[in-house]
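This report concerns only the one structure given below.
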Amino acid sequence: MTDTQNNENQPTKGVTRRSLLTAAGAAGAGGLLFGGAVGRLTAPDSAAGGAAGGPANDTPIKIGLVAPITGPYSGDGQEMVRGQEIGIAEINANGGVHGRPLELVKADVTDLAPENYVKAAQRLTGQEKVAAVFSGYCTNDSTEFPIYADAGVPMFHLNTLQANVDYVKNNGITNIYEGCPTEVWYGKGFIPLMQSWIDSGAWTPSAKSVAIVTSNDPYSISIANALSDDIKKIGWTVPVFEQVTAPTADWGPVLSKIRAAKPGLIFVTDYIPGDLASFATQFASAPTQSLLYQQYGPSIPEYLQLAGTAGNDVIWSTTIGTLPDEIGAAFLAAYKSAYNADAGLSQAGGQYDLVRLWAQAASAVTDPMNFEAVNASIKRQIFRGVSGIYRFDPQSLVVAAYPDQVKDASLGMPHLTYQIQDQKQVPISPDSFAAGSFKLPSWIK
């Protein structure tokens, strides 16, 4: 990881503080001003802006963001930064936390090497003394977690990994929160959805077989294994199970095996948008009679820019997606106002939600640096954000998936599935959040 650089703690290039304040106003007009999604704050604030019994103080409160600001994952890293910037601008425009503005300290983990995460954790909890840490990704083996656990600082991430959740639960950690359902639901949740299309006659598989393609990281492999195990239980076969080293651009050898196997479904668990766009483009040159599912990566704007029309009819999903409702629309408008670009549909909204959730919890106690009190406040939250409901399991500190784990949308976060139709992202599941319906891909005859 690079040390703090001059531009790390500035707004995204080309974005002014004025545009961020304008964006905060746009979100506020949609009912999203800090606290607005779940009611006004009830902490006993004094007229001077401090908490009752605490001193008034306008010194900025530092919060940390761990993100791949540079390197191959920077497209998603940009989404993380921007979501935080909009959330912080909105909170500050509404009075900050106990009258104190928030200041974002960024730590670039570039290529996601474990040592970069460790250095980020050490700097943010030590040198910077932040009040909270937000991370898009984190290490697969939770290498940095003991640093945050020892510090006690509230740490939120969107790494979508069961192994991280298990580490927290098994070690009795009380301050590290996974703000989305875990990755296993990508595979487990897709199978009943796929079956519903078969049962309704919307899709008749050319074969009851699936080609699974995964990258060589535990996250992608976990999704691939979950899909493989569960789809075999309904009588499907897995004639192709290929593992590649990410990032990759040449899909020729993998596609040759797929074209020889002629599966009914292709399920790709690599999540880098450039990789997935290359796959879609090369697949489109000679498609098989298969549905094409690509996990998470199409949520990042870079994917559509690279894939173009080859992305049409691709199916993808996210367990941390911006909902297609009034609250989500207000956030997307705020993002557009700030950056003159369309938001991605996962990390930006998730980061925006988490910083507001933390700010609400911190405002409900006397001192935002009293980590024990803030963590207790976080655990009491049922927070409605642009991605749905955040309600942390008391032992594992993870959010439940709707409808895969809980059937009540007011207690879980929707596992959203999209289909790209005419180069537009169309949510098709769950039904209560759908803006369209599944369409048979144009290449399937």
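If you read the sequence shown in our numbering, its first letter stands for residue 915, the second for the next number, and so on.
All C-beta atoms, glycine included, are put in the ideal place defined by N, C-alpha and C.
Option in the options with minimal Cα separation from residue i
i     : options                    : result
A1140 : T1024, L1016, T1280, F1104 : F1104
L1179 : A1125, K1338, T1053        : A1125
D1184 : Y1210, D1164, S1199, P1355 : Y1210
P1119 : W1150, G1101, K1146, S1142 : W1150
P1238 : W1357, A1191, S1301        : S1301
I1087 : S1199, S1310, L1018        : S1310
F1070 : E1058, Q1036, G1050        : G1050
I977  : L1018, I1000, V1011        : L1018
G1001 : M1283, Q1265, P1308        : Q1265
K1043 : A1065, P1201, P1028        : A1065
G997  : F1048, V1032, A1027        : F1048
G1101 : S1114, S1142, I1061, N1078 : S1142
V1168 : S1192, I1186, G1188        : S1192
G1299 : Q1335, A1244, P1282, E1286 : A1244
D1345 : E1216, L1107, D1336, L1218 : L1107
S1134 : K1033, V1011, D1113, A1077 : A1077
F1155 : D1144, V1011, A1138, I1186 : A1138
Q1335 : A1248, V995, L1218, L1190  : L1218
S1056 : V1079, T1039, L1038        : V1079
L1072 : G1188, G1263, V1320        : G1263
N1130 : D1144, L1205, N1289, D1189 : D1189
Q1109 : L1205, L1259, F1197, S1291 : L1205
Exposure of residue i, with buried meaning 16 or more beta-carbon neighbours within 10 Å
i     : result
A961  : Unreliable placement is indicated for A961, whose pLDDT of 30 sits below 50; the coordinate value is still reported in the next sentence. Flag for A961 reads exposed.
K1146 : exposed
G993  : The amino acid at residue 993 is misidentified as Gly; the sequence shows Glu. By the 10 Å Cβ count, E993 comes out buried.
S1362 : The requested residue 1362 is not part of the displayed model; the chain covers only 915 to 1359.
G944  : Any answer about G944 is weak, because its pLDDT of 42 lies below 50 and its placement is not dependable; what the coordinates show is given next. Buried, by the Cβ-count rule.
P1212 : buried
L1354 : exposed
P974  : exposed
A1349 : exposed
Q1261 : buried
A1163 : exposed
A1046 : buried
Q1030 : First, the residue type needs correcting, since residue 1030 is Asn and not Gln in the sequence shown. Classification for N1030: buried.
A1315 : buried
S1199 : exposed
I1148 : exposed
S1356 : exposed
G953  : Per-residue confidence for G953 stands at a pLDDT of 32, beneath the threshold of 50, marking its modelled position as unreliable; the derived number appears in the next sentence. G953 is exposed by the Cβ-count criterion.
P1201 : buried
I1296 : exposed
L946  : Because the pLDDT of L946 is 47, which lies under 50, any placement of that residue in the model is unreliable, and the number read from its coordinates should be weighed accordingly. By the neighbour-count rule (16 or more Cβ atoms within 10 Å), L946 is buried.
S1170 : exposed
G1166 : exposed
P1215 : buried
N921  : Confidence at N921 is low in this model, with a pLDDT of 44, below 50, so its placement is unreliable and no value can be given for it.
Closer than 6 Å: residue i CB and nearest the ligand SAM heavy atom
i     : result
A1348 : You won't find the ligand SAM in this model; it holds no ligand whatsoever.
Euclidean distance between Cα positions of residue i and residue j
i     : j     : result
K1122 : P1177 : 7 Å
E1240 : A1174 : 46 Å
V1312 : N1089 : 11 Å
V1182 : Y1207 : 6 Å
T1280 : G1013 : 12 Å
V1067 : A1276 : 12 Å
V1158 : Q1339 : 27 Å
I1342 : C1052 : 29 Å
L979  : W1230 : 27 Å
K1293 : G1115 : 44 Å
E1286 : E999  : 26 Å
A1003 : G991  : 18 Å
N1284 : W1117 : 55 Å
A981  : E1058 : 14 Å
D1267 : K1359 : 42 Å
D972  : L1325 : 36 Å
A1063 : V1032 : 13 Å
M1248 : I1172 : The sequence as given places Ala at residue 1248; Met does not occur at that position. When rounded, the distance between both Cα atoms is 42 Å.
I1186 : A1027 : 16 Å
K927  : P1308 : Confidence at K927 is low in this model, with a pLDDT of 46, below 50, so the placement of that residue is unreliable and no value is reported for it.
V1011 : T1039 : 19 Å
Expected contact under 8 Å - CB spacing of residue i and residue j to nearest Å
i     : j     : result
D1322 : W1099 : D1322 to W1099, Cβ: 16 Å. No contact.
E1097 : T1074 : 5 Å
N1054 : P1132 : 4 Å
W1111 : F1352 : 6 Å
A1194 : A1221 : 5 Å
A1006 : P1015 : Just to set this straight, residue 1006 is Asn in the shown sequence, not Ala. Between P1015 and N1006 the Cβ distance is about 5 Å, and since that is below 8 Å, they are a contact.
Q1036 : I1061 : 6 Å
Quick test of the definition: if touching needs 3 or more C-beta pairs under 8 Å, does the region 1078 to 1094 touch the region 1248 to 1257?
No, the region 1078 to 1094 is not in contact with the region 1248 to 1257.
I want to know whether the region 1322 to 1338 touches the region 1231 to 1244 - three or more CB-CB distances under 8 Å.
Three or more beta-carbon pairs separated by less than 8 Å link the region 1322 to 1338 to the region 1231 to 1244, which places the two stretches in contact.
Would the region 1018 to 1037 and the region 983 to 998 be scored as touching if the rule is three or more Cβ pairs under 8 Å?
The region 1018 to 1037 makes contact with the region 983 to 998; the number of CB pairs closer than 8 Å reaches 3 or more.
Are the region 1287 to 1306 and the region 1077 to 1084 touching by the rule of at least three beta carbon pairs closer than 8 Å?
Too few Cβ pairs lie closer than 8 Å, so no.
Cβ contact check for the region 1218 to 1226 and the region 1271 to 1281: 3 or more pairs under 8 Å:
Fewer than three pairs of CB atoms, one per stretch, sit closer than 8 Å, so the region 1218 to 1226 makes no contact with the region 1271 to 1281.
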